[in-house]
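Down below is the structure, laid out as structure tokens.
There are 2 protein chains.
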Amino acid sequence: MDLRERNKQATREAIGHAALRLAIENGPHGLALVRVHDIATAAGVSPRTYNNYFSSRAEAICAFQADQSRRVGQALRSRPADEPLDQAVIAAVIQLYTDPEPDRAGLRMIMLTPELEGEALKAFTMAEGPLAEAIAARTGTDPARDLFPAVTAAAVAGAIRVAGRHWLEAGSDASFAAILRGALSCVVPATPPEAARDR
Amino acid sequence: MDLRERNKQATREAIGHAALRLAIENGPHGLALVRVHDIATAAGVSPRTYNNYFSSRAEAICAFQADQSRRVGQALRSRPADEPLDQAVIAAVIQLYTDPEPDRAGLRMIMLTPELEGEALKAFTMAEGPLAEAIAARTGTDPARDLFPAVTAAAVAGAIRVAGRHWLEAGSDASFAAILRGALSCVVPATPPEAARDR
DNA sequence: GCAGTATGTGCGTGTCACGCAAGTTGTGGG
DNA sequence: CCCACAACTTGCGTGACACGCACATACTGC
Numbered sequence: 000m001d002l003r004e005r006n007k008q009a010t011r012e013a014i015g016h017a018a019l020r021l022a023i024e025n026g027p028h029g030l031a032l033v034r035v036h037d038i039a040t041a042a043g044v045s046p047r048t049y050n051n052y053f054s055s056r057a058e059a060i061c062a063f064q065a066d067q068s069r070r071v072g073q074a075l076r077s078r079p080a081d082e083p084l085d086q087a088v089i090a091a092v093i094q095l096y097t098d099p100e101p102d103r104a105g106l107r108m109i110m111l112t113p114e115l116e117g118e119a120l121k122a123f124t125m126a127e128g129p130l131a132e133a134i135a136a137r138t139g140t141d142p143a144r145d146l147f148p149a150v151t152a153a154a155v156a157g158a159i160r161v162a163g164r165h166w167l168e169a170g171s172d173a174s175f176a177a178i179l180r181g182a183l184s185c186v187v188p189a190t191p192p193e194a195a196r197d198r
Numbered sequence: 000m001d002l003r004e005r006n007k008q009a010t011r012e013a014i015g016h017a018a019l020r021l022a023i024e025n026g027p028h029g030l031a032l033v034r035v036h037d038i039a040t041a042a043g044v045s046p047r048t049y050n051n052y053f054s055s056r057a058e059a060i061c062a063f064q065a066d067q068s069r070r071v072g073q074a075l076r077s078r079p080a081d082e083p084l085d086q087a088v089i090a091a092v093i094q095l096y097t098d099p100e101p102d103r104a105g106l107r108m109i110m111l112t113p114e115l116e117g118e119a120l121k122a123f124t125m126a127e128g129p130l131a132e133a134i135a136a137r138t139g140t141d142p143a144r145d146l147f148p149a150v151t152a153a154a155v156a157g158a159i160r161v162a163g164r165h166w167l168e169a170g171s172d173a174s175f176a177a178i179l180r181g182a183l184s185c186v187v188p189a190t191p192p193e194a195a196r197d198r
């Protein structure tokens, strides 16, 4: 990894971090008060540079969540190959999303602010592509012919999103891991349906 | 329904229709050329009025899809109560999304234009709330206690989205109804899992 | 070291979202 | 039938923003 690449990644994270922090400080209602200039200054770059990395405030604020989602596919691939699909997915997601425990304030900001809804959905949806490929590889199904991998990936992403919302609302009567397990077990089968296996 | 209410609905649809039409005419690449002024003029209202109904071009373009999604819950409720959940969901979705057959150009514009991705996801996600309530009512589960309704609703919305994408890409080797059936059957069980039923 | 390329930055421009206040069109009571 | 009230539409002004362009700067591979 180049110095250039590392610098780029660092600036991107600095901007994203600054954006999320400022958004949290001002709360969902004061989001409009967070100016691009503030984010850029807080991240130590010029407004123009901020705009080279993100094309909207929402995108910057949700960048962390998007990066997290992008890792789901890789997390599934790191599970032992002989593990059943459902257990592998559940274990991979729980490991990725509870180590470390997500920042409640950040998640609340992202998920419960109407102006961020679109970007938040994009962020969670980022998981689908890589995850679908990982599921296809694990189950031996062909993504081009069968919908199972893509549909399951979308269902997993949706389940994570619903679990996050529930975790924020319900409060502390259950760990995030337990909520995730319950949500994922509703939609991920142990093996692909016959129709997918046969082809 | 008041005259006022009807007029309001009519202008909303006029603006949404004009926005989608202009977007299709200019294609995904020329989306930036579609000015707010053009949309408003095409719909027969002032730009300021356009802005009273929608707060972004993307929102106007995706309005039709959003309205469609909002009807999924109602469509499920109109199925006979003794039908198993999976069959009821599949039948409801297929009826809603194939009568009439969706406009390929419109769906392609909404789903395959990167700048519209966030709004498109919002549009499909609109289905989740009402759909989750309908699923909860049908299965006798409690949305506050159990994640099954919300997770299944999210999975259904995701499956519809994936099916749409596949229908656009794959072309004409299968009807949209068949694709929808295949996608939905991956994620909707005939009955809720034990954990949800027991509570 | 040095040429080449990627990245940061300042400036200018066109568009947009939205608050505000006035004009216009529907609504319900006397 | 008419009038007062409310909802909707519209024009204007403002502040912010995304992005193209050109130049300065930092990094890379030879």
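Just so you know, the protein sequences line up as chains A and B, in that order. Residue numbering for the first sequence follows numbering that gives the first Met the number 0, beginning at 0 and increasing consecutively. Residue numbering for the second sequence follows numbering that gives the first Met the number 0, beginning at 0 and increasing consecutively. Glycine is no exception: its CB is placed at the ideal position from the N, C-alpha and C atoms.
Sequence-distant residues of its chain with Cβ nearer than 6 Å to residue i (five each side left out)
i	result
residue 15 of chain A	59, 62 and 63
residue 13 of chain A	42
residue 105 of chain A	19
residue 165 of chain A	178
residue 101 of chain A	none
residue 123 of chain A	68, 156 and 160
residue 151 of chain B	134
Close Cβ partners of residue i (< 8 Å) along its chain, the five nearest in sequence each way excluded
i	result
residue 142 of chain A	131, 132, 135, 148 and 149
residue 85 of chain B	183, 184, 187, 188 and 189
residue 11 of chain A	52 and 62
residue 95 of chain B	67, 70, 71 and 74
residue 23 of chain A	104, 105 and 108
residue 167 of chain B	103, 106, 107, 110 and 111
residue 79 of chain B	87
residue 83 of chain A	189 and 190
residue 198 of chain B	Confidence at residue 198 of chain B is low in this model, with a pLDDT of 49, below 50, so the placement of that residue should be treated as unreliable; the coordinate-derived value is given next. These residues qualify, in order along the chain: 140, 141, 144 and 145.
residue 37 of chain B	21
As assigned by DSSP and simplified to three states, the class of residue i
i	result
residue 117 of chain A	helix
residue 102 of chain A	coil
residue 126 of chain B	coil
residue 190 of chain B	coil
residue 33 of chain B	coil
residue 144 of chain A	coil
residue 27 of chain B	coil
residue 173 of chain A	coil
residue 53 of chain B	coil
residue 58 of chain B	helix
residue 81 of chain B	coil
residue 70 of chain B	coil
residue 0 of chain B	coil
residue 184 of chain A	helix
residue 44 of chain B	coil
residue 139 of chain B	coil
residue 198 of chain A	Low confidence applies here, because residue 198 of chain A scores a pLDDT of 49, under 50, leaving its location unreliable and the question unanswered by this model.
residue 151 of chain A	helix
residue 97 of chain A	helix
residue 10 of chain B	helix
Contact set for residue i: own chain, Cβ-Cβ below 7 Å, skip 5 residues either direction
i	result
residue 153 of chain B	127
Any 3 or more C-beta pairs closer than 8 Å across the region 9-26 of chain B and the region 180-194 of chain B: Taking 8 Å as the limit for Cβ pairs, the verdict is that the region 180-194 of chain B does not touch the region 9-26 of chain B.
Any 3 or more C-beta pairs closer than 8 Å across the region 40-58 of chain B and the region 149-160 of chain B: The region 40-58 of chain B and the region 149-160 of chain B do not touch, with fewer than 3 CB-CB distances between them shorter than 8 Å.
Segment contact, 8 Å Cβ cut-off, at least three pairs: the region 88-97 of chain B with the region 68-78 of chain B: The region 88-97 of chain B, when compared against the region 68-78 of chain B, does touch it at the 8 Å Cβ threshold.
Near-chain A residues of the region 105-126 of chain B - C-beta to any C-beta below 8 Å: Answer in chain order: 116, 117, 118, 120, 121 and 124.
Cβ pair count under 8 Å reaching 3, the region 28-42 of chain A against the region 118-126 of chain A: With a cut-off of 8 Å, the region 118-126 of chain A and the region 28-42 of chain A do not count as touching, because too few Cβ pairs lie within range.
Proximal residues, the region 10-42 of chain A versus chain B, C-beta separation under 9 Å: Against chain B - using a Cβ distance shorter than 9 Å - the region 10-42 of chain A contributes no residues.
Interface residues of the region 68-87 of chain B facing chain A [CB-CB below 7 Å]: So the list is empty, because no residue satisfies the distance condition.
Interface positions of the region 134-146 of chain B facing chain A (Cβ-Cβ less than 9 Å), listed along the chain: From the region 134-146 of chain B, only 143, 145 and 146 have a Cβ closer than 9 Å to chain A.
Contacting positions in the region 43-58 of chain A - beta carbon closer than 7 Å to chain B: If you check each beta-carbon in the region 43-58 of chain A against every beta-carbon of chain B, none falls closer than 7 Å.
Contact set between the region 89-103 of chain B and chain A, restricted to residues whose Cβ is under 9 Å from the partner: In summary, no residue of the region 89-103 of chain B has a CB separated from any CB of chain A by less than 9 Å.
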